[in-house]
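Single-structure report; data block below.
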Amino acid sequence: MAMTVYRSRHALRGPLTPDRIAALRLPTARRGYRPEDVDALLHRLAYELRERARERDEARAENRRIKDALRRWQSAEAARRHAG
1 MAMTVYRSRH ALRGPLTPDR IAALRLPTAR RGYRPEDVDA LLHRLAYELR
51 ERARERDEAR AENRRIKDAL RRWQSAEAAR RHAG
């Protein structure tokens with residue numbers, strides 16, 4: 001999947017991590033959004049991104065456990081078939 005790059009005058013480069021999002025401060029502009037609303041949204045996005053990363057890591061770990069168990073079972077079954 002291609003990743004879209006956010007471009008602005010202050011060029012936020014590199015991957016958006018939860019810590020980078022939480023620490024991000026955008027410049028204020030006349031007739032812009034309220035800074036406290038923007039900050040709240042950035043913190044919410046950082047939290048959600050951390051949660052998705054945690055869930056992904058848990059799923060990957062569970063996937064490894066299942067694959068390892070399947071390999072052990074397959075090896076035991078193959079040994080049982082060849083022994084008997």
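Numbering (the UniProt record's numbering), first residue to last: 1 to 84. Positions of the beta carbon are idealized from the N, C-alpha and C atoms, including for glycine. Fair warning: this is a prediction, and the values are worked out from it, not measured in the lab.
Asked                                                                                                        : Found
State the DSSP-derived secondary structure class of Tyr47, mapped to helix, strand or coil.                  : helix
Taking the straight line between their C-alpha atoms, what separation do you get for Ala46 and Ala22?        : 6 Å
Which residue wins for smallest C-alpha separation from Pro18, given the options Ala79, Gly84, Leu42, Gln74? : Leu42
Between which two residues does the alpha helix (DSSP H) harbouring Ala29 extend?                            : Note, Ala29: premise wrong, no alpha helix (DSSP H); not H, not E.
From Trp73 to Glu36, what distance separates their C-alpha atoms?                                            : 55 Å
Distance check for Arg13 and Arg29, CA to CA, integer angstroms please.                                      : In the sequence on display, residue 29 carries Ala and not Arg. About 21 Å.
If you draw a straight line from the C-alpha of Glu62 to the C-alpha of Arg52, how long is it?               : 15 Å
Hey, how far is the Cα of Leu16 from the Cα of Asp68?                                                        : 32 Å
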